[in-house]
Amino acid sequence: MNEIFYQHYWWFLISLLGAILVFLLFVQGGQSLLATMGKNEIEKSMMVNSLGRKWEFTFTTLVVFGGAFFASFPLFYSTSFGGAYWLWMAILFSFIIQAVSYEYRSKRGNFLGKNTYDTFLLINGIVGPVLLGVAVGTFFTGADFVVEKGNLTTPGSPVISSWTNGWHGLEALLDVRNLLLGVTVLFLARTQGALYFMNNIKDDTLFERSRKQVLVNGIVFVLFFLSFVTATLLATGYETNPLTGEVFPRAYKYFHNLIEMPWVAFMFLVGVVLVLYALIRSVFGQHYTRGIWFSGIGTVLVVLSLFFIAGYNNTPYYPSVADMQSSLTIYNSSSSLFTLETMSVVSLLIPFVLAYIFYVWRAMDKKPITATEMKSNEHKY
Amino acid sequence: MNDLFTLVDWSRAQFALTAIYHWLFVPLTLGLGVIVGIMETIYYRTGDERWKTITKYWMTLFGVNFAIGVATGIILEFQFGTNWSNYSWFVGDIFGAPLAIEGIMAFFMEATFIAVMFFGWNKVSKRFHLASTWLTAIGASISALWILVANSWMQYPVGMKFDPETARNVMDDFWALVLSPVAINKFFHSVSAGWVLGGIFVVGVSSWYLLKNRENFLAKQSIRVGAWVGLVGALVVAYTGDGSAYEVADKQPMKLAAMEGVYHGKKGQELIAFGILNPAKEFNNNEKEFLFDIPIPKLLSILATREVDGFVPGINDIIDGGYPDKNLKGEEIIALSAQEKMERGRLAIAALADFNTARQNNDTTAMNEARARLEANYEYFGYGYVDSVEQLIPHVPFVFYSFHIMIILGGYFILFFILVLVLSYKEKLPNLKWMLWVAILTIPLGYVCLEAGWIVAEMGRQPWVIQDIMPTFAAISKIEVASVQTTFWLFAALFTILLIAEVGIMLKQIKKGTEKK
Numbered sequence: 339m340n341e342i343f344y345q346h347y348w349w350f351l352i353s354l355l356g357a358i359l360v361f362l363l364f365v366q367g368g369q370s371l372l373a374t375m376g377k378n379e380i381e382k383s384m385m386v387n388s389l390g391r392k393w394e395f396t397f398t399t400l401v402v403f404g405g406a407f408f409a410s411f412p413l414f415y416s417t418s419f420g421g422a423y424w425l426w427m428a429i430l431f432s433f434i435i436q437a438v439s440y441e442y443r444s445k446r447g448n449f450l451g452k453n454t455y456d457t458f459l460l461i462n463g464i465v466g467p468v469l470l471g472v473a474v475g476t477f478f479t480g481a482d483f484v485v486e487k488g489n490l491t492t493p494g495s496p497v498i499s500s501w502t503n504g505w506h507g508l509e510a511l512l513d514v515r516n517l518l519l520g521v522t523v524l525f526l527a528r529t530q531g532a533l534y535f536m537n538n539i540k541d542d543t544l545f546e547r548s549r550k551q552v553l554v555n556g557i558v559f560v561l562f563f564l565s566f567v568t569a570t571l572l573a574t575g576y577e578t579n580p581l582t583g584e585v586f587p588r589a590y591k592y593f594h595n596l597i598e599m600p601w602v603a604f605m606f607l608v609g610v611v612l613v614l615y616a617l618i619r620s621v622f623g624q625h626y627t628r629g630i631w632f633s634g635i636g637t638v639l640v641v642l643s644l645f646f647i648a649g650y651n652n653t654p655y656y657p658s659v660a661d662m663q664s665s666l667t668i669y670n671s672s673s674s675l676f677t678l679e680t681m682s683v684v685s686l687l688i689p690f691v692l693a694y695i696f697y698v699w700r701a702m703d704k705k706p707i708t709a710t711e712m713k714s715n716e717h718k719y
Numbered sequence: 080m081n082d083l084f085t086l087v088d089w090s091r092a093q094f095a096l097t098a099i100y101h102w103l104f105v106p107l108t109l110g111l112g113v114i115v116g117i118m119e120t121i122y123y124r125t126g127d128e129r130w131k132t133i134t135k136y137w138m139t140l141f142g143v144n145f146a147i148g149v150a151t152g153i154i155l156e157f158q159f160g161t162n163w164s165n166y167s168w169f170v171g172d173i174f175g176a177p178l179a180i181e182g183i184m185a186f187f188m189e190a191t192f193i194a195v196m197f198f199g200w201n202k203v204s205k206r207f208h209l210a211s212t213w214l215t216a217i218g219a220s221i222s223a224l225w226i227l228v229a230n231s232w233m234q235y236p237v238g239m240k241f242d243p244e245t246a247r248n249v250m251d252d253f254w255a256l257v258l259s260p261v262a263i264n265k266f267f268h269s270v271s272a273g274w275v276l277g278g279i280f281v282v283g284v285s286s287w288y289l290l291k292n293r294e295n296f297l298a299k300q301s302i303r304v305g306a307w308v309g310l311v312g313a314l315v316v317a318y319t320g321d322g323s324a325y326e327v328a329d330k331q332p333m334k335l336a337a338m339e340g341v342y343h344g345k346k347g348q349e350l351i352a353f354g355i356l357n358p359a360k361e362f363n364n365n366e367k368e369f370l371f372d373i374p375i376p377k378l379l380s381i382l383a384t385r386e387v388d389g390f391v392p393g394i395n396d397i398i399d400g401g402y403p404d405k406n407l408k409g410e411e412i413i414a415l416s417a418q419e420k421m422e423r424g425r426l427a428i429a430a431l432a433d434f435n436t437a438r439q440n441n442d443t444t445a446m447n448e449a450r451a452r453l454e455a456n457y458e459y460f461g462y463g464y465v466d467s468v469e470q471l472i473p474h475v476p477f478v479f480y481s482f483h484i485m486i487i488l489g490g491y492f493i494l495f496f497i498l499v500l501v502l503s504y505k506e507k508l509p510n511l512k513w514m515l516w517v518a519i520l521t522i523p524l525g526y527v528c529l530e531a532g533w534i535v536a537e538m539g540r541q542p543w544v545i546q547d548i549m550p551t552f553a554a555i556s557k558i559e560v561a562s563v564q565t566t567f568w569l570f571a572a573l574f575t576i577l578l579i580a581e582v583g584i585m586l587k588q589i590k591k592g593t594e595k596k
């Protein structure tokens, strides 16, 4: 197996982590629904405790997504994080305030008050998905950076990756396609948050409210998703000459990627069908609670395929709009073969990790959350 | 250039701020995790419900502390990219790997099993719950292992080579990183320091209950578990601390010189048991090093070289060179002066520039020649960015006092735990109010000691982000100083507010005890 194999393999793993992260953003989506769906303390408590037992999966996946990017594609890590400074910092802030909120909100001695932490959860619930969507949107729309490795030999100014505008990532918010993806991710997260509540909480009132949220948020999500997909497939993208490494524009690049990688197109369609099936079945089925699983698997498949068309088929996954030749591909931004091989051995642990997560999730969710449990004296958020 | 240094200073300050806060919470997580695991094991084996109550009580405090540790941890990981992007590329091939492994092996383990630990009491079997508690504690330690492997590599870069074609360092021996003696010492030193803090915390809080004549069973039993964990931790800390000092002497002599305030080295060097540095002392003047000191003859030589009359270089020796030394490969050499190293560093950087030019011109001969020059001088690559020898000297008072605070408190903790255990088993502790107060007041000392240790390790290696290979001022991102200043103050405000919130909640939980609502 050569270097190219490992570069593809690691792009697959990055894509998988990204896809799982988008699925797990149902926690953030659920947080954004707390104020509208929880009409009294018990209802809110059931929702918070339902989400609170899963928040660390989302958080950990985000951290591992970052760590894996660092290890496998360090040039992306250094270029994007060091350049789109404000975008990433805003994402970080929104996650810091989430991390403490669950544990602190209902504890005595909490000087900020419960409402403050609920506001933190709301902020993270909205800002987190939108900004992560915007950040991933730049994989298709590009960013304002230049990479010049020769700068390393200039002691007074040795930085190799630099941003060419002073907005440092905030400019990504002004791009319509990025925003479309950001809003799409937000409403997907809200829809899945509601689907998760239907699955995880045993309460008729909340079940009905969740169903309504699935309908409303699901429709908004589908509209924005279709807009983003259409805009992306019609857009001019970049392509890399595999022999010279030269980057050049290509009309309908992402549409061509779907055509030229039919298995990705198939995966994309299966994913879309699964998500739609989950939405329709959950809205119209009277007691249907498994929508989150179909929607979750569908989401993972769709996001995977979007990452694939962003990085495979000689596509620079991080195009530079400031200097086309600085664009990052999975070939020019990856770690060395030795590191990729070593990390690949470690990645063999992933199925075991997924297996114990599945086992524990199942064991803990056998009994849905109830109002009675919230009234007990056990540990709760 | 001034802007560059302002940017470096603010970026360093931001990273230091985050790390200091992170290091307030993580050690307690490491220590309490083990203590809670032991307590639940006792419950599992005895079936005594009182032990279940004790376990749940400390678990609650663990949870409050854990959350903020997680919050500060994510920022550290991303700051490598946001504030130190050049570093992220230059060594990302090596440094990224432990971080990713940490995530895959440790974070998911913690994230998965902590939910069972808190909420699984009535949902899973007793045995599975106990396993989850231990797996949460083990996950925290594995997490520490990988981040400390990464940190140790920054202090002692091994298992890598420089690739001029991609202008970065690439890993060529994974096990050299993982099994580096610096990493092994650092891991056990840091994790056992967490046990010490956990022990101090449990003993201190329990002592408060004894003082108030409340929660007597919980307090007495917790003190024994906490003190044993703390004592074992303190002994491991002492042993690995000795190993760490030896490694520092071997691989980072400038750090050792700063730790002991040694300017002029000699054979049979004394260890300063206590000292007050002379503020007027600079490396290039003839002032005395100390205003007052209590030296222990020859001890530093023994600790640093394992020989009574081993030579320990001082700051001036390291600047001037000319003494017998070893290079990274362990070969005997005569130490180069700082100026010579800076010259070699410039040759290495110039060779890299020549290599790039030759590559653009497809001139293979010139590329090979430049590559050979680069390899011959690469050991000192980072010195090529250094303008003056002063930049090579860390802040001596900061490092010296931090080191001595750490050592003195480390010795005190061993005595403290022994005394607590003796008094506890003789059933005298509840009646000794002064000792209970000592135990309570030892809690802040635990934090002071651990932060001092972090300062020694990280301030002592300045200016190097990668020892000898990359100084901090070559590692940064190209962003505006104002941006970093803004985020620094935002982080400072947020962390401080969250710290106050945590302390408030902890105090209320302690005050509440195990009583039902």
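Protein sequence lines correspond, in order, to chains R and G. Residues 339 to 719 (the numbering used here) are what the first sequence spells out, left to right. Residues 80 to 596 (the numbering used here) are what the second sequence spells out, left to right. Note that CB positions come from ideal geometry on N, CA and C, so glycine has one too.
Determine which residues share a DSSP beta bridge with residue 500(R) and list them. 484(R)
Between 452(G), 295(G), 524(G), 395(G), which has its C-alpha nearest residue 130(G)'s C-alpha? 295(G)
Quick check: the Cα distance between residue 428(R) and residue 469(R), rounded to an integer number of angstroms? 8 Å
Going along the chain, which residues of its own chain have a beta-carbon closer than 7 Å to the beta-carbon of residue 665(R), five neighbours each way excluded? 576, 585, 654, 656, 657, 658
Rank 604(R), 649(R), 533(R) by C-alpha distance to the C-alpha of residue 630(R) and give the top, closest one. 533(R)
Starting from the beta carbon of residue 167(G), find every residue of chain R whose beta carbon is closer than 8 Å, and list them in chain order. 408, 412, 415, 416, 419, 420
Distance cutoff 8 Å, beta carbons only. Does residue 712(R) sit that close to anything in chain G? no
Counted within 10 angstroms of its Cβ, other Cβ atoms place residue 135(G) as buried (16 or more) or exposed: buried
Use the C-beta contact count for residue 680(R): other C-beta atoms within 10 angstroms, 16 or more gives buried, fewer gives exposed. buried
Excluding the 5 residues preceding and the 5 following residue 424(G) in the sequence, name in chain order all residues of the same chain whose CB lies nearer than 8 Å to its CB. 456, 459, 460, 461, 462, 463, 464, 465
CB-CB under 8 Å to residue 596(G), same chain, minus the five flanking residues each way: which ones, in chain order? A caution first: residue 596(G) carries a pLDDT of 43, below 50, which makes its placement in the model too unreliable to give a value.
I'd like the span of the alpha helix (DSSP H) that includes residue 658(G), first residue to last. For residue 658(G) there is no data in the structure shown, the boundaries of chain G being 80 and 596.
Neighbour-count burial assignment, residue 433(G), 16 or more Cβ in a 10 Å radius: buried
Taking the C-alpha atoms as reference points, what is the distance between residue 119(G) and residue 402(R)? 30 Å
Taking CB distances under 8 Å as the criterion, tell me whether residue 586(G) reaches chain R. yes
Euclidean distance between Cα positions of residue 439(R) and residue 712(R): 18 Å
Contact between the region 347–355 of chain R and the region 508–518 of chain R is defined here as three or more beta-carbon pairs at a separation below 8 Å; is this criterion met? no
Would a C-beta distance cut-off of 8 Å place residue 496(G) and residue 313(G) closer than the cut-off? yes
Would you kindly report the start and end of the unbroken alpha helix (DSSP H) that includes residue 240(G)? Element bounds for residue 240(G): not the alpha helix (DSSP H) but the beta strand (DSSP E), 239–242.
Would you kindly check if the distance between the Cβ of residue 232(G) and the Cβ of residue 554(G) is under 8 Å? no
Out of 363(G), 202(G), 538(G), point me to the one whose CA is closest to residue 396(G)'s CA. 363(G)
Which listed residue (474(G), 579(G), 199(G), 453(G)) has its alpha carbon closest to that of residue 247(G): 453(G)
What is the DSSP secondary structure of residue 596(G), reduced to helix, strand or coil? Residue confidence is low: residue 596(G) scores 43 on pLDDT, short of 50, so the model does not pin down where it sits. Its coordinate-derived value is still stated next. In the structure shown, residue 596(G) sits in coil (DSSP, three-state: anything other than H, G, I, E or B).
Min CB distance residue 280(R) to chain G below 8 Å: Residue 280(R) cannot be examined here, being either before or after the span of chain R that is shown, 339 to 719.
Backbone CA spacing between residue 401(G) and residue 420(G) [nearest angstrom]: 12 Å
With DSSP run on the structure shown, which of helix, strand or coil describes residue 260(G)? helix
DSSP state of residue 395(G), grouped into three classes? helix
Out of 208(G), 582(G), 577(G), which has the shortest C-alpha to C-alpha gap to residue 97(G)? 577(G)
Nearest residue (CA-CA) to residue 268(G), options 253(G), 228(G), 290(G), 287(G): 228(G)
Beta-ladder partner(s) of residue 497(G), from DSSP: According to DSSP, which records beta bridges pairwise, residue 497(G) is partnered with nothing at all.
Using a Cβ-Cβ cut-off of 8 Å, state whether residue 382(R) counts as contacting chain G. no
Tell me, please, whether the CB atom of residue 378(R) is closer than 8 Å to any CB atom in chain G? no
First and last residue of the beta strand (DSSP E) that includes residue 525(R)? Unbroken run through residue 525(R) is the alpha helix (DSSP H), 514–538; no beta strand (DSSP E).
Using only the alpha-carbon positions, how far apart do residue 342(R) and residue 588(G) sit? 55 Å
Leaving out five residues before and five after residue 632(R) in sequence, what residues of the same chain have Cβ atoms less than 7 Å from its Cβ? 612, 615, 616
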